[in-house]
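In order, the protein sequence lines correspond to chains R and H. Heads up: the first sequence begins at 52 in the working numbering, then just goes up one per residue. Heads up: the second sequence begins at 26 in the working numbering, then just goes up one per residue. Accompanying notes for the structure given below.
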Amino acid sequence: MNGAHRLSQVPPGVQCFVGDEARRRRQIEERVLRVFEGWDYEEIIPPLFDYADVFADGALGPRTYSFVGRDGSLLALRPDFTSLLAKIAAGRLRERPAPIRLYYSGEVLRYEPPRAGSQSELFQMGLEHLGGDPLRADAEVLAVAAECLDALGVRGFLLTIGHVGVFSGLAEAAGLEGAALAAIRERVESKDAAGVAEALSRAGANGPAADSLVRLATLSGGADALGQVKRIAAPSQAAALAARDLESVVAALHEAGLGDRVALDLGEVRGLDYYTGLVFRVLAPGLGFEVGSGGRYDTLVGRFGRPLPAVGFMLGLDRLDLLLQRQGIALDQPGAEALPVTAEDVGEALKAARGLRAEGTRVRFCPDDDGGGA
Amino acid sequence: MSLTVALSKGKLLAGSAQLFRKAGLPFPEDEGRRLVVEMDGLRFLFVKDMDVPTYVEYGVADLGISGRDVLLERAYDLYQPLDLGIGKCRMAVAGPKGTVLGDRPRVATKFTRIATEHFAKKGVQAEVIYVGGSVELSPLVGLSDVIVDIVESGKTLEENDLHVLEHICDISSVLVANRAIYKLRYGVIAPLIERLRAALIT
């Protein structure tokens, strides 16, 4: 390898978009941001990098691109927006009364091994709802997510909703911790009921809470599964409270006409460590992985000095773009054909072109018709 | 609409066929070189065993049957709802009789991640060397001190004067499912999994 490829190709993990590709991405972004604006969220443009401490908490730590600044402080390229927005809400916006509604759109950078639908440079559009009544905020955020998908014309999408409190409550009631807890979490994550049962018996856990964990692994379904959720959660008071919260949010979505967009999934127990309550993923036919995800994080903002419960979600632009292509959805027409403006004299041609531009016409400036028009 | 199942044409095929038929599900006969076979509402893709999880992870197949060795070697983002118990074997460290593992053993294997993790867990800094096949040769000619490989009957080891030194884990085949499709098509996938589960028990 002589290194010449470095001058002609971009490194693995980043991408370059040209012309129609770029236009399509902008159109998706515009539609989504219009929905965010329509629900009265305010745009925030956070910095591209910040002190590494801001992002140090949680699962993204090891995947962060960090570097040393000129003054010796450790800095990191933003691996996600949520920590940054939490910091800003607690700092610069500390006088602002809750609830605060903020949205963002831009790139995050993470070290990602190459795999399905993942890049090191990801374009995310998302929002955060900070403060206010938690259940209302959860319902609002889910409704906004649904509207984004509708605005793009996505067919058959599903919001799969869970609650980290159901699993953690049951695990606590079953007396699980450490390695045993990790093993059971991993089997629940895999939807392997027999594996959960085996891991539980190896850990010496039995009783109603343990039985519930086995059933939790495979529980999935629409609002009809809510009854089962309540029964499964019953052995733990914390889990029962979580199930009640889940029920009221799902009920609100049903009443709002989003019932067929909602499915329950209590086995979704992984993800970023900062989630404390409701969690959800956005799925759609045509894509084997989620197009977006979100959840409630009630302790993160407090880390920055202002205890404020919060909920948010993000949609991945790359994945939305792929989804629309797979579903055969074309957004607006590509830009109108450009009108070639030709004349012997450059000044004359420029004058004509300026006149057409004032009328809003797309022009291609080629005064002596040197072939630039072809 | 039908479901797509990714299969490998290796040692798991006979066992998978038996299980599917016992569950009253269709399963193709070995049709030579055909890579896609459709029958009775199921579509089967024949791919290389190491590739089954990839097809399912990207969602071009909804379900697949994969050896646990493949899943452990590369961490895939998949559901694993059912251990099918087909092709049972184990992953082990093997070497010439009486081998004493030093501080920095050299290990030849096709499963570099499994080997690296196994030794790291024990606090041993192993030098892991990738070889694509005929792993048993490496300790005989001095490429490595030991090997990490799948042991079925133990016959290949025996023929090469190698012995199991350490057990790493049990291996069998697993039904894998795409995470998004499992939920989007739960109404079709769940009954199929239940039928396989029932066939496993009886």
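Yeah, the Cβ is synthetic: ideal placement off N, Cα and C, and Gly gets one too. A quick note: this is a predicted structure, and the numbers were derived from the prediction, not measured.
Burial state of residue i, where buried means 16 or more other Cβ atoms lie within 10 Å
i: H:Thr-29; result: buried
i: R:Phe-87; result: buried
i: R:Tyr-162; result: exposed
i: H:Leu-200; result: buried
i: R:Val-83; result: buried
i: R:Gly-424; result: The predicted model places R:Gly-424 with a pLDDT of 44, which falls under 50 and marks its position as unreliable; any figure quoted below should be read in that light. The residue in question, R:Gly-424, is exposed, as its Cβ has fewer than 16 Cβ neighbours within 10 Å.
i: R:Leu-368; result: buried
i: H:Ala-39; result: exposed
i: R:Asp-257; result: It is Asn, not Asp, that sits at residue 257 of chain R in the sequence shown. It counts as exposed.
i: H:Val-125; result: exposed
i: R:His-426; result: Summary: the structure shown does not reach residue 426 of chain R, with chain R confined to residues 52 through 425, and so no result is reported for it.
i: R:Phe-118; result: exposed
i: R:Arg-415; result: exposed
i: R:Thr-412; result: exposed
i: H:Asp-74; result: buried
i: H:Ala-205; result: buried
i: R:Gly-422; result: Any reading at R:Gly-422 must be qualified, since the residue scores a pLDDT of 49, below 50, and its modelled position is unreliable; the value itself is stated next. R:Gly-422 is exposed by the Cβ-count criterion.
i: H:Glu-63; result: exposed
CA nearest to the CA of residue i, picked from the options
i: R:Arg-187; options: R:Gly-411, R:Gly-356, R:Val-300 and R:Phe-100; result: R:Val-300
i: H:Ser-41; options: H:Asp-102, H:Ile-111, H:Asp-87 and H:Pro-106; result: H:Ile-111
i: H:Ile-226; options: H:Leu-190, H:Asp-108, H:Ile-196 and H:Glu-152; result: H:Asp-108
i: H:Arg-99; options: H:Leu-37, H:Cys-114, H:Ala-140 and H:Pro-164; result: H:Ala-140
i: H:Leu-209; options: R:Asp-104, R:Phe-68 and R:Val-333; result: R:Val-333
i: H:Val-132; options: H:Glu-191, H:Tyr-83, H:Ala-223 and H:Glu-54; result: H:Glu-191
i: H:Ile-214; options: R:Ser-271, R:Glu-240 and R:Ser-134; result: R:Ser-271
i: H:Pro-121; options: H:Leu-37, H:Val-173 and H:Arg-46; result: H:Val-173
i: R:Gly-216; options: R:Val-83, R:Val-320, R:Thr-412 and R:Gly-406; result: R:Val-320
i: R:Ile-212; options: R:Ala-73, R:Leu-401, R:Ala-403 and R:Leu-317; result: R:Leu-317
i: H:Glu-152; options: H:Asp-87, H:Ala-48, H:Tyr-211 and H:Arg-129; result: H:Arg-129
i: R:Tyr-155; options: R:Leu-200, R:Val-105 and R:Pro-97; result: R:Pro-97
i: R:Val-265; options: R:Leu-251, R:Ala-276 and R:Leu-277; result: R:Leu-251
i: R:Leu-351; options: R:Leu-304, R:Cys-67, R:Glu-80 and R:Tyr-325; result: R:Tyr-325
i: H:Lys-135; options: H:Gly-148, H:His-143, H:Val-160 and H:Gln-150; result: H:Val-160
i: H:Ser-169; options: H:Leu-187, H:Ile-175 and H:Val-176; result: H:Leu-187
i: R:Cys-417; options: R:Gly-411, R:Leu-390 and R:Ala-224; result: R:Leu-390
i: H:Ile-154; options: H:Ala-145, H:Leu-165, H:Gly-148 and H:Arg-138; result: H:Arg-138
i: R:Phe-132; options: R:Phe-208, R:Glu-179 and R:Gln-170; result: R:Glu-179
i: R:Gly-363; options: R:Ser-59, R:Gln-60, R:Val-397 and R:Leu-135; result: R:Leu-135
i: H:Asp-65; options: H:Ser-27, H:Asn-185, H:Tyr-211 and H:Val-166; result: H:Ser-27
i: R:Ile-89; options: R:Gln-60, R:Arg-377, R:Glu-198 and R:Gly-343; result: According to the sequence provided, residue 89 of chain R is Gly. The question's Ile does not apply to it. Closest by alpha carbon: R:Glu-198.
i: R:Glu-94; options: R:Phe-100, R:Arg-85 and R:Tyr-102; result: R:Arg-85
i: R:Glu-172; options: R:Leu-181, R:Ala-303 and R:Val-159; result: R:Val-159
i: H:Ser-197; options: H:Pro-164, H:Cys-114 and H:Leu-165; result: H:Cys-114
Beta-bridge partners of residue i, as assigned by DSSP
i: R:Val-391; result: According to the sequence as given, residue 391 of chain R is Pro; it is not Val. DSSP lists R:Arg-415 as partners of R:Pro-391.
i: H:Val-173; result: H:Val-118 and H:Thr-134
i: R:Ser-344; result: R:Arg-332 and R:Met-365
i: H:His-188; result: H:Gly-120
i: H:Arg-68; result: H:Thr-29 and H:Glu-63
i: R:Phe-100; result: R:Leu-128
i: R:Met-426; result: With chain R covering only 52 through 425, there is no way to say anything about residue 426 of chain R.
i: R:Thr-211; result: R:Ala-314 and R:Arg-332
i: R:Phe-118; result: R:Leu-126
i: R:Cys-67; result: R:Cys-67 pairs with nothing; no bridge assigned.
i: H:Ile-196; result: H:Cys-114
i: R:Ile-46; result: In the structure displayed, chain R extends from 52 to 425; residue 46 of chain R sits before or after that span and is not available.
i: R:Glu-93; result: R:Leu-153
i: H:Tyr-80; result: Paired residue(s): none; H:Tyr-80 is not in a bridge.
i: H:Ala-202; result: H:Leu-88 and H:Tyr-104
i: H:Val-153; result: H:Val-132
i: R:Ser-271; result: R:Asp-316
i: R:Leu-338; result: Looking at the DSSP assignment, R:Leu-338 forms no beta bridge with any residue, so it has no partner.
Check whether the region 199 to 216 of chain R touches the region 371 to 385 of chain R, counting contact only when three or more Cβ pairs, one atom from each stretch, lie closer than 8 Å. As far as the Cβ criterion goes, the region 199 to 216 of chain R touches the region 371 to 385 of chain R, which means the pair count is three or higher.
Are three or more beta carbon pairs between the region 30 to 41 of chain H and the region 84 to 99 of chain H nearer than 8 Å? The region 30 to 41 of chain H, when compared against the region 84 to 99 of chain H, does touch it at the 8 Å Cβ threshold.
Of all the residues that make up the region 61 to 87 of chain H, which are near chain R by a beta-carbon distance shorter than 7 Å? Cβ contacts with chain R come from Glu-82, Tyr-83 and Gly-84.
Are at least three pairs of beta-carbons, each pair with one atom in the region 230 to 247 of chain R and one in the region 339 to 354 of chain R, less than 8 Å apart? Counting Cβ pairs under 8 Å, fewer than three are found: no touch.
Chain-ordered residues of the region 192 to 206 of chain H with a beta carbon less than 8 Å from chain R: Residues of the region 192 to 206 of chain H with a C-beta less than 8 Å from any C-beta of chain R: Ala-202, Asn-203, Arg-204, Ala-205 and Ile-206, listed in chain order.
Where the region 265 to 285 of chain R meets chain H: residues whose CB sits under 8 Å from a CB there: Those would be Thr-269, Ser-271 and Gly-272, in chain order.
Is it true that the region 76 to 86 of chain H meets the region 178 to 187 of chain H, where meeting means three or more beta-carbon pairs spaced less than 8 Å apart? With the cut-off at 8 Å, the region 76 to 86 of chain H and the region 178 to 187 of chain H do not touch.
By the 7 Å beta-carbon criterion, what residues does the region 330 to 342 of chain R contribute toward chain H? For the region 330 to 342 of chain R, which is checked against every Cβ of chain H, the residues closer than 7 Å are Leu-334, Pro-336, Leu-338, Gly-339, Phe-340 and Glu-341.
When you compare the region 231 to 240 of chain R with the region 325 to 339 of chain R, are there three or more beta-carbon pairs, one atom per stretch, that lie closer than 8 Å? Result no; under three Cβ-Cβ pairs closer than 8 Å.
Compile a chain-ordered list of the residues in the region 225 to 243 of chain R whose CB is closer than 7 Å to at least one CB of chain H. Within the region 225 to 243 of chain R, Ser-241, Lys-242 and Asp-243 place their CB atoms closer than 7 Å to a CB of chain H, listed in sequence order.
When you check each C-beta in the region 282 to 315 of chain R against every C-beta of chain H, which residues fall closer than 9 Å? Those residues of the region 282 to 315 of chain R that come within reach of chain H (Cβ to Cβ, closer than 9 Å) are Ala-314.
Residues, ordered as in the chain, of the region 203 to 216 of chain R that lie near chain H by beta-carbon distance below 8 Å: Listed by position, the residues of the region 203 to 216 of chain R near chain H (Cβ gap below 8 Å) are Gly-207, Leu-209 and Thr-211.
Using 8 Å as the threshold, is the region 122 to 141 of chain R in touch with the region 351 to 361 of chain R, meaning 3 or more CB pairs across them? With contact defined as three or more Cβ pairs closer than 8 Å, the region 122 to 141 of chain R and the region 351 to 361 of chain R are in contact.
Taking beta-carbon pairs under 8 Å, can you tell me which members of the region 244 to 265 of chain R lie near chain H? Against chain H - using a Cβ distance shorter than 8 Å - the residues of the region 244 to 265 of chain R are Ala-244, Ala-245 and Gly-246.
If contact means a Cβ-Cβ distance below 7 Å, which residues of the region 108 to 124 of chain H contact chain R? For the region 108 to 124 of chain H, which is checked against every Cβ of chain R, the residues closer than 7 Å are Asp-108.
Residues in the region 134 to 164 of chain H having any Cβ partner in chain R nearer than 9 Å: Cβ contacts with chain R: none found.
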